[in-house]
Amino acid sequence: MKSKLKYILRCTLCGKDYEPDPFRLCCDDKHEPSLLRAVYANEKLEVKENLPGLFRYIDWLPVDRYLEADGKPITYQSKNLAHHLGLDHLFISFNGYWPERDAHLSTCSFKELEAFPILARIPEDNPKTLVVASAGNTGRAFATVCSKLKIPFCLVIPEQNLSAIWSKEPFDSCVRMIAVGGNGDYSDAIRIGQIISELEGFFPEGGARNVARRDGMGLTVVDATVTIGEIPDHYFQAVGSGTGGISAYEANLRFLADGRFGNKKMKLHLCQNIPFTPMTDAWNAGKREITALSEIEAKKCISQVSAKVLTNRNPAYSLAGGVYEALADTDGEMYGVTNDESDKARALFEKLEGIDVSPAAGVATGALIQAVEAGKIGKKETIVLNITSGGYKRMRQDYPLHYLKPDLVFKPEEIEPDFMEQSISSVS
Numbered sequence: 001m002k003s004k005l006k007y008i009l010r011c012t013l014c015g016k017d018y019e020p021d022p023f024r025l026c027c028d029d030k031h032e033p034s035l036l037r038a039v040y041a042n043e044k045l046e047v048k049e050n051l052p053g054l055f056r057y058i059d060w061l062p063v064d065r066y067l068e069a070d071g072k073p074i075t076y077q078s079k080n081l082a083h084h085l086g087l088d089h090l091f092i093s094f095n096g097y098w099p100e101r102d103a104h105l106s107t108c109s110f111k112e113l114e115a116f117p118i119l120a121r122i123p124e125d126n127p128k129t130l131v132v133a134s135a136g137n138t139g140r141a142f143a144t145v146c147s148k149l150k151i152p153f154c155l156v157i158p159e160q161n162l163s164a165i166w167s168k169e170p171f172d173s174c175v176r177m178i179a180v181g182g183n184g185d186y187s188d189a190i191r192i193g194q195i196i197s198e199l200e201g202f203f204p205e206g207g208a209r210n211v212a213r214r215d216g217m218g219l220t221v222v223d224a225t226v227t228i229g230e231i232p233d234h235y236f237q238a239v240g241s242g243t244g245g246i247s248a249y250e251a252n253l254r255f256l257a258d259g260r261f262g263n264k265k266m267k268l269h270l271c272q273n274i275p276f277t278p279m280t281d282a283w284n285a286g287k288r289e290i291t292a293l294s295e296i297e298a299k300k301c302i303s304q305v306s307a308k309v310l311t312n313r314n315p316a317y318s319l320a321g322g323v324y325e326a327l328a329d330t331d332g333e334m335y336g337v338t339n340d341e342s343d344k345a346r347a348l349f350e351k352l353e354g355i356d357v358s359p360a361a362g363v364a365t366g367a368l369i370q371a372v373e374a375g376k377i378g379k380k381e382t383i384v385l386n387i388t389s390g391g392y393k394r395m396r397q398d399y400p401l402h403y404l405k406p407d408l409v410f411k412p413e414e415i416e417p418d419f420m421e422q423s424i425s426s427v428s
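So that you can map any letter, position 24 of the sequence shown is 24 in the numbering used here, and since no number is skipped, the others follow by simple counting.
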């Protein structure tokens, strides 16, 4: 690695290296799909306490500048939930709003951890508009941060998820939103986002392929490991695109290279919301490829889950560097959690820990309960439970919320490049 470079991008399949490029999302070589991974020159993490929020971990973020960020993940040792489950070393990675715990992610979601590094990585003089498709949390995070920083932004979201796009501050006019109506879902939003990204004046965020997204999300494990002082034995998280699971694994690899936090690979325990469980089904069947559902069947399953943010029909599972490889390398597990199990887990968490959590966090807590009941984790092992989103009730108590309204609504049957380009031009 050239000493002047903070990091390089390395293909997880062929090993080819690339110099830093905020718009590079894939390897140029003609081979099977793969992720690029950031390899940092500074293998030993130096926490920069003087930098704001999550940027204290800037050593392991693919950025050269920091933005004014109030929040970061916070990690604390559970007493009440741990006692209830009979665990001695249960740590909570809380991502949300909980002032008493110094948790200040104002969008109540760890997706804020993605937004800041991605935006810090984009050149300040970039004239194009960033496009992101979201099922809710990611969109809220980007809309809020872009509004705050006056960065042009176009969000695409299913109309049924519009209630997820709120902020404690009014949205700036630089933020525009397009909704997919009818029975349109997250995958339809992704299709629209892809079309818009190819129009003049727009560019895509990149999803799981964007290393800034993954390394931002991986800060949950970075903060937990630094706080605990060692790599955990087990890690629990609910997944939709699978990006969070990959991010956790990659952070673990960086700590192994650091060498000061132990030499173990933490076991990934990833989970999905029944009946929409494509990755869980594939993993538990021993398959690298996901069995594709019909459009009708997929939408039927998606309509039944409470954790809508976990409903990506094209997750980063099979490709090189993806979820399958992360699970295989950590002897991982995948779980299916029902709405009822999630609801009960959320109520239990709020009762015992004192803060409300999202349906997706309920799914993760439900998986932890399943694992304990099945004897999959030891009483004295170190466990991290990623509460990916929490404190929404508390946020509503403390602030009046502002909701973003769509500029355009497309039906699924209207997702066609020429028609959409004309419609978007009319409101630009």
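Just so you know, even glycine gets a beta-carbon here, dropped at the ideal spot from N, CA and C.
Keep in mind that this is a model prediction, so the values were computed, not measured.
- Message: On the CB-based measure, 16 or more other CB atoms within 10 Å of its CB, does Pro62 come out buried or exposed?
- Response: buried
- Message: Counting C-beta neighbours from all protein chains within 10 Å, is the total for His31 16 or more, i.e. buried, or is it exposed?
- Response: exposed
- In the DSSP assignment, what residue or residues form a beta bridge with Trp98? Ala103
- Item | Unbroken beta strand (DSSP E) run spanning His83, endpoints | If you look at His83, you'll find it isn't in any beta strand (DSSP E); it sits in the alpha helix (DSSP H) that goes 80 to 85.
- Item | Close Cβ partners of Pro33 (< 6 Å) along its chain, the five nearest in sequence each way excluded | These residues qualify, in order along the chain: Leu319.
- Message: Whether or not the stretch 159 to 173 and the stretch 340 to 360 are in contact is what I'm after, with contact meaning three or more pairs of Cβ atoms, one per stretch, closer than 8 Å; do they touch?
- Response: no
- Query: Would Pro127 be called buried (16 or more neighbouring beta carbons within 10 Å of its own) or exposed?
  - Reply: By the 10 Å Cβ count, Pro127 comes out exposed.
- Item | Cβ shell of Lys2 (< 7 Å), same chain only, five flanking positions each side left out | Note that Lys2 has pLDDT 43, beneath the 50 cutoff, so the model's placement of it is unreliable and the number below is only indicative. For Lys2, where only same-chain residues beyond five positions count, there are no Cβ hits under 7 Å.
- Task: Return the chain-ordered ranges of every beta strand (DSSP E) run that is complete within the stretch 343 to 403 and spans a minimum of 3 residues.
- Result: 382 to 390
- Message: Counting C-beta neighbours from all protein chains within 10 Å, is the total for Tyr403 16 or more, i.e. buried, or is it exposed?
- Response: exposed
- Can you check whether the CB of Ala361 is closer than 8 Å to the CB of Cys271? no
- What are the boundary residues of the alpha helix (DSSP H) that includes Leu149? 137 to 149
- Query: What are the start and end residues of the beta strand (DSSP E) that includes Tyr40?
  - Reply: 36 to 40
- Task: May I ask you to list the residues that DSSP assigns as paired with Ile8?
- Result: Val39
- Message: If I measure Cβ to Cβ from Arg17 and keep anything under 6 Å in the same chain, skipping five residues before and after, which residues do I get?
- Response: Strictly speaking, residue 17 in this sequence is Asp, with Arg absent from that position. Contacts found: Ile8, Arg10.
- When the Cα atoms are used, what is the spatial distance from Leu327 to Asn50? The alpha-carbon of Leu327 is positioned some 36 Å away from that of Asn50.
- Assuming Phe116 contacts Ile387 under a Cβ cut-off of 8 Å, what Cβ separation, rounded to an integer in Å, is found between them? About 19 Å separates the two Cβ atoms, so there is no contact after all.
- Since Ala179 and Thr311 are thought to touch, with beta carbons under 8 Å apart, how far apart are those beta carbons, to the nearest angstrom? 16 Å between Cβ atoms; not a contact.
- Query: In three-state DSSP terms, what is Met1?
  - Reply: With a pLDDT of 44 at Met1, under the threshold of 50, the modelled position of this residue cannot be trusted; read the value that follows with caution. Coil, per DSSP.
- State the Cα-Cα distance for the pair Ile274 and Gly336, rounded to the nearest angstrom. 6 Å
- Starting from Phe153 and walking both ways along the beta strand (DSSP E), at which residues does that stretch end? 153 to 158
- Message: Which same chain residues end up closer than 6 Å to His104 when comparing Cβ atoms and leaving out the 5 residues on each side of it in sequence?
- Response: Closer than 6 Å at the Cβ level, and outside the excluded window around His104, lie Asp70, Gly71.
- Return the CA-CA distance between Gly207 and Ser426, expressed in angstroms with no decimal places. Looking at the backbone, the Cα of Gly207 and that of Ser426 are separated by about 27 Å.
- Cα-Cα separation between Lys265 and Asn252, rounded to whole angstroms: 7 Å
- Message: Can you check which of these residues, Val211, Gln194, Ala212, Arg213, is closest to Pro204 by C-alpha distance?
- Response: Gln194
- Look at the alpha carbon of Phe419 and the alpha carbon of Ala224, and state the distance between them as a whole number of angstroms. 47 Å
- Task: Rounded to whole angstroms, what's the CA-CA distance from Gln294 to Pro412? Just pull it up for me.
- Result: The question names Gln, yet the displayed sequence has Ser at residue 294. C-alpha separation (whole angstroms): 15 Å.
- Do you know offhand how far Asp125's Cα is from Pro152's? 12 Å
- Message: My output table needs one value for Asp17: the three-state DSSP class, helix, strand or coil.
- Response: strand
- Task: Run the proximity test for Glu198: is its beta-carbon closer than 7 Å to any non-hydrogen atom belonging to the ligand NAP?
- Result: This structure does not include the ligand NAP; it has no bound ligands of any sort.
- Query: By Cβ distance below 8 Å, which residues in the same chain neighbour Phe410 in space, the five residues on each side in sequence not counted?
  - Reply: In chain order, Ile178, Ala179, Val180, Gly181, Gly184, Ile192, Met420, Ser423 place their CB closer than 8 Å to the CB of Phe410, counting only its own chain and leaving out the 5 sequence neighbours on each side.
- Beta-carbon separation (whole angstroms), Gly96 vs Ser389, contact threshold 8 Å: 6 Å
- Assumed close pair Gly216, Leu268 - CB separation to whole angstroms, cut-off 8 Å: That belief does not hold up - the Cβ atoms of Gly216 and Leu268 are roughly 18 Å apart, past 8 Å.
- Query: What distance in whole Å lies between the Cβ atoms of Leu13 and Arg209, which are believed to be in contact at a cut-off of 8 Å?
  - Reply: So it is not a contact: roughly 13 Å between Cβ atoms.
- What are the start and end residues of the beta strand (DSSP E) that includes Pro204? 202 to 204
- Sequence-distant residues of its chain with Cβ nearer than 7 Å to Ile231 (five each side left out): Thr225, Asn252, Phe255, Phe261, Gly262, Lys264, Met266.
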